[in-house]
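Below is one structure, written out as structure tokens; comments come after it.
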């Protein structure tokens with residue numbers, strides 16, 4: 677997401693949740709490293725069964741890294757979603773508004 681877009685979102689009083697992709701290696705590695713060092717401020721395990729597929733997801737919420745690029749205006753948290761399958765690498769997201777005790781899944 678561009679700096680202009682993030683600034684427009686924040687300036688309009690809205691929040692954002694942006695997926696961090698592996699094609700952003702510096703940011704992705706920074707977030708991955710920090711999430712491995714920190715204790716999550718919130719953690720939820722979610723089980724879902726659809727048809728013949730069973731999925732366990734672990735959703736963790738972390739503080740954003742202190743030295744996060746200033747481009748991420750108002751970053752309030754980092755969210756890590758991982759599945760309990762050996763071949764799944766998981767995903768990271770950066771959010772502007774992260775409320776303690778927020779219900780992460782239904």
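Residue numbers (my numbering): 677 to 782.
A virtual CB, placed ideally from N, CA and C, is assigned to each residue, including glycine.
If you're wondering where the values come from, they're calculated on a predicted model, not measured in any experiment.
Local conformation of residue i per DSSP, three classes
i           : result
residue 725 : strand
residue 747 : coil
Contact belief for residue i with residue j at Cβ below 8 angstroms, rounded distance in angstroms
i           : j           : result
residue 734 : residue 748 : About 23 angstroms separates the two Cβ atoms, so there is no contact after all.
residue 692 : residue 682 : 7 angstroms
Residue-chain proximity (residue i, chain D), Cβ-Cβ < 9 angstroms
i           : result
residue 697 : Absent from the structure is chain D; it holds one protein chain and no more.
Alpha-carbon to alpha-carbon, residue j and residue i
i           : j           : result
residue 712 : residue 696 : 16 angstroms
residue 699 : residue 767 : 12 angstroms
residue 730 : residue 694 : 26 angstroms
residue 750 : residue 772 : 6 angstroms
residue 724 : residue 706 : 30 angstroms
Residue i and residue j closer than 9 angstroms at C-beta
i           : j           : result
residue 746 : residue 710 : no
residue 715 : residue 732 : no
residue 717 : residue 753 : yes
residue 624 : residue 719 : This structure gives no information on residue 624, because the portion of the chain shown stretches from 677 to 782.
Which runs of the beta strand (DSSP E) spanning at least 3 residues fall entirely within the region 686-719, listed in chain order? 693-696
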